[in-house]
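Written out below as structure tokens is the structure these notes cover.
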Ligand SMILES: [Zn+2]
């Protein structure tokens, strides 16, 4: 639970929405005669989540918000979206990727003019699926949390996302807390909040690891830019090598193999003592068959290249992935993660 004063709450909303309004203006977006200016969000539906609480506070006859819990059965979400006909579709990227597939299969029949990924890393493969399914909708990436509102958001003109340099002091630092240079990836960040006086935050540490970009953005904003996030270090897997040294495997090792497979819609990797068990959602298109042993071999090679001794990887197609962590998908589940135990008990 995080508390805002009213002024801070309004600023939180304005910060969250400012680039979305820029996209809307650039696209000449207008309210639809049938559904008005309908905005659909498929994410957590708990009032302690900022994105949920903001939409509840600022709903109006002009802005019609439709909230769909991400933990609902997919056919319910698809049916609700078909009825709502949103002009803006926002939600966790792991769900947006599924909705893109539902649209490609003809079950989801909406025509959004803007898609916004919130709450999870937005990977290039998800962007591509969304752009194919909803060609009239640019894809915005949004990075934030309930304590800070929008930390960074894409503007639509340049790559990556602009930091909220006017409402927050965001320090990108290395392991020891020293500032990193442009082009480098932070080990963590410190955030000082300049707009919520009810609950001040001073150098509040977050474990996200953004990469600082150097070039100016074509949009002209002087706010610094960071690249799209590629996972959090809580999702690193630690293995021991033959000499007892720790080997850290970053989530992008799995992402780069698994999201390059057209037949893998999304996935969840459970760390095992010597490798990984990979649950995946299979695609539905004719060319989507996944060669389980070939993909497993690619994962094994990637782990072996990092020094993991005699690694193993098993792939299993699944009808759905485990969303018990507040509805957000923990895509890479380390052995010591709170949800790892269930997996060991059930397998
Ligand atoms: Zn820009």
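In my numbering, the protein residues as written are 491 to 837.
Backbone N, C-alpha and C define an ideal beta-carbon position, used for all residues, glycine too.
Residue pairing from DSSP places residue 715 in a beta bridge opposite 652.
Minimum Cα-Cα distance from residue 672 among the listed residues 788, 685, 803, 716 corresponds to 716. Straight-line measurement puts the Cα of residue 520 at about 8 angstroms from the Cα of residue 514. Of 517, 824, 531, the smallest CA-CA separation from residue 647 is found for 517. Here residue 511 carries a helix assignment [DSSP, helix/strand/coil]. Here the alpha carbons of residue 598 and residue 604 stand approximately 16 angstroms from one another. Taking a 10 Å sphere around the C-beta of residue 651, we find 16 or more other C-beta atoms and assign the residue as buried.
DSSP places residue 527 inside the beta strand (DSSP E), whose first and last residues are 527 to 533.
DSSP, read as helix, strand or coil, puts residue 724 in helix.
Cβ neighbours of residue 697 within its own chain (closer than 8 angstroms, five residues either side excluded): 678, 722, 723, 724. In this structure, residue 621 has its CB at a distance of at least 7 angstroms from all heavy atoms of ligand 1.
When secondary structure is reduced to three states using DSSP, residue 699 falls in the coil class, being assigned neither helix nor strand.
For residue 652, the Cβ falls inside the 7 angstroms cut-off from some heavy atom of ligand 1. Following the DSSP letters along the chain, one finds residue 550 in no beta strand (DSSP E), marked with neither H nor E. By the Cβ criterion, the segment 584 to 594 is in contact with the segment 610 to 622, since at least three pairs of Cβ atoms, one from each stretch, lie closer than 8 angstroms. Collapsing the DSSP output to three states places residue 818 in a strand.
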